Amino acid sequence: MRMPQGKKATIKDVAREAKVSISVVSYVLNSSTEKSISPATRDRVMEAAKRLQYVPNRAASGMRRKHSMVIGVVSYWELDVLVFTDMMKGITRKSSAANYRILFCHRESKQDDVSYLQYCQDGSIDGIVFIAPYESLGLIDEAFHIRQMKEAKVPFVVLNGSTHEDGVSYINVDYCGSTYLATSYLIGKGHKDIAYVAPLELHYTELERRLQGYQDAMSNSRLPVRCHDVKELPDCLHGLKAVVTNKSDTAHSVLQAAHKLGIDVPRELAVIAANTEAYSSYLFPPLSTVRIPAERMGELAVETLLEQLTGAAEPKLIMPPCALEIRQTC
DNA sequence: CAACCAACCCATAGGCTCCA
DNA sequence: TGGAGCCTATGGGTTGGTTG
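What follows is the structure, given as C-alpha cells:
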C-alpha cells in the first residue's frame, strides 16, 4: 500500500496494512504490557508502520489522554547566559526522557503579561516551568505571576525564585552555599584574611544570601569578616590576600583593578567568584569559580512538575549543591 | 491468550428543524 | 427566506471490556 502524495498515514492505514484492528496497532506501538499481542502480529504491525512511515498524531493522542505532553517554559533570562542554557539542557533532557516536548515562551519587557497562561487553559501545554529572572534585575513582580498561575490552577514549578509562596515548589540556587563553598576553599588553602567584594549597597535576597554564606564560612573558622563594595575598587585591594566575589562580573572588576595596581593574581591575591559565566575561563588569568548546578536544577524542575501532573506532589524547596571549578586565580 | 469492539476525548462543520 | 438552535458526524488516537 502506498499513501497518496501529501497524505500522512494514520493508525487506520497501519491497521489495514497489517490486517489488524486499530486498537492492536495502538497497543503494539505503545508497547503496552496490559495486553498480550502475539510476536507475529507485533512484527506485522511494526513492519506496516515502518513501510507507511507512520508517525502518531500527538494532537489526537492528547485529545484522548487529556494531556498535550508539552511543558511550557516561561523565561525572562537572556538566552546567552550560561546558567540559563544549562537549565534548558536539564529541562530538555528530562522532558524528552519522559516523552514530553517543550514550548518555550521568552518574555522580554512586559512584566505583567501573563498571556502564557492561555496555553495551559487551551490545552496546548500541561504545566509550566517558570524561570524567574534575578530579583536584582527588577524585571517582574514574581509574586504576581505566581498568584496568576495559582488562580488559573495551572501546575507549575518556579526555578530561581526569590519569593516564598505557600503551596509552591521552588528549585533554587543555593546562593548561601555558593559563597560558603568558595570561602571554605580559600580557608582550606591556608588563607586567613579573606574579603568579600560585591555590590553591598543593593539589598536583594540573592546578594544577602551570598553575603551570609561568606560570613558563615568565616565565623565557623573564627576568622574576621571583611566586606567591600565594588565601588571601593581598586583601593580596597591594598593589603588583601584573598577575595571572594558574588559573581564573575565582580571578579572581573577585581582582576582589572589588581592589574591596574600591579598586583599579581594568584601569587599575591587569590580570587574566586561564587558563580560561573560562559566567559569565566577566558578571563586572564582564567577565573576560579563555583558552578551553579543549573542543569540539575532544570532536571529537578521537570521532575517536580511531572510529579504534580500525576497528582503525587507535595510543595517543596530544592537547592542542589554547587561545585568548585578551580582554574588559575586561586 | 490474542484480537477486536466500542466508548470516549473535544472542536468544528454540516445538516436538519422550527419559527418569525 | 433566512436566522437560530440543536443534533450528528468527523478527525486520530487510547483503553476498558468482550469475544472466540
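Offset between the first sequence (1-based) and our numbering: plus 83.
Glycine included, each C-beta is placed from N, C-alpha and C at the ideal position.
Just so we're clear, the structure is a prediction, and the values are computed from it rather than from any experiment.
Taking residue 369 as the centre and dropping the five residues before and after it, the same chain places the C-beta of 410 and 411 closer than 6 Å to its C-beta, in chain order.
With contact defined as three or more Cβ pairs closer than 8 Å, the segment 337-346 and the segment 310-323 are in contact.
DSSP places residue 279 in the uninterrupted beta strand (DSSP E) bounded by 277-281. In chain order, 111 place their CB closer than 8 Å to the CB of residue 125, counting only its own chain and leaving out the 5 sequence neighbours on each side. The bridge partners DSSP lists for residue 189 are 158. Rounded to the nearest whole angstrom, the C-alpha separation of residue 294 and residue 211 is 31 Å.
Taking all protein chains shown into account, residue 167 has 16 or more neighbouring C-beta atoms within 10 Å of its C-beta and is therefore buried.
Note that the segment 354-370 touches the segment 317-335; at least 3 beta-carbon pairs, one per stretch, sit closer than 8 Å.
The three-state secondary structure of residue 328, taken from DSSP, is strand.
Around the C-beta of residue 182, fewer than 16 other C-beta atoms lie within 10 Å, and the residue is accordingly described as exposed. Just so you know, the alpha carbons of residue 348 and residue 290 end up roughly 25 Å apart. With fewer than 16 other beta carbons inside 10 angstroms of its own, residue 365 counts as exposed. In the DSSP assignment, residue 374 falls within the beta strand (DSSP E) that extends over 371-374. Residue burial annotation: residue 356 is buried, with at least 16 other C-beta atoms found within 10 angstroms of its C-beta. Between the alpha carbons of residue 240 and residue 146 lies a gap of roughly 24 Å. Rounded to whole angstroms, the gap between the alpha carbons of residue 208 and residue 151 is 6 Å. Taking C-beta atoms under 8 Å as the contact rule, residue 227 and residue 157 fail to qualify, at a distance of about 13 Å. Excluding the 5 residues flanking it on each side, residue 401 has same chain C-beta neighbours closer than 6 Å at 254 and 383, in chain order.
Burial of residue 257 is indicated by the presence of at least 16 other C-beta atoms within 10 angstroms of its C-beta. Annotation: residue 94 is outside any beta strand (DSSP E); the continuous alpha helix (DSSP H) that includes it extends over 94-101.
Beyond the five residues adjoining it in sequence on each side, residue 379 comes within less than 8 Å, by CB distance, of 173 and 403 in the same chain, given in chain order.
Following the DSSP letters along the chain, one finds residue 253 inside the beta strand (DSSP E) bounded by residues 252-254. Residue pairing by DSSP puts residue 400 in a beta bridge opposite 253. Under the criterion of beta carbons closer than 8 Å, residue 277 and residue 327 qualify as touching, at roughly 6 Å. Taken atom to atom, the span from the alpha-carbon of residue 250 to that of residue 94 is near 42 Å.
With contacts defined by Cβ atoms closer than 8 Å, residue 405 and residue 260 form a contacting pair. Under the three-state reduction of DSSP output, residue 346 falls in the coil class, being neither helix nor strand. Residue 407 and residue 242 do not touch by the CB rule: their CB atoms are close to 23 Å apart, not below 8 Å.
Checking the DSSP bridge columns, you'll see residue 213 partnered with 157 and 241. Take residue 267, set aside five residues on each side of it, and the residues of its chain with a beta-carbon closer than 6 Å to its own are 300, in chain order. The continuous beta strand (DSSP E) containing residue 407 extends over residues 406-408. Judged by DSSP secondary structure, residue 228 falls within the alpha helix (DSSP H) whose first and last residues are 225-234.
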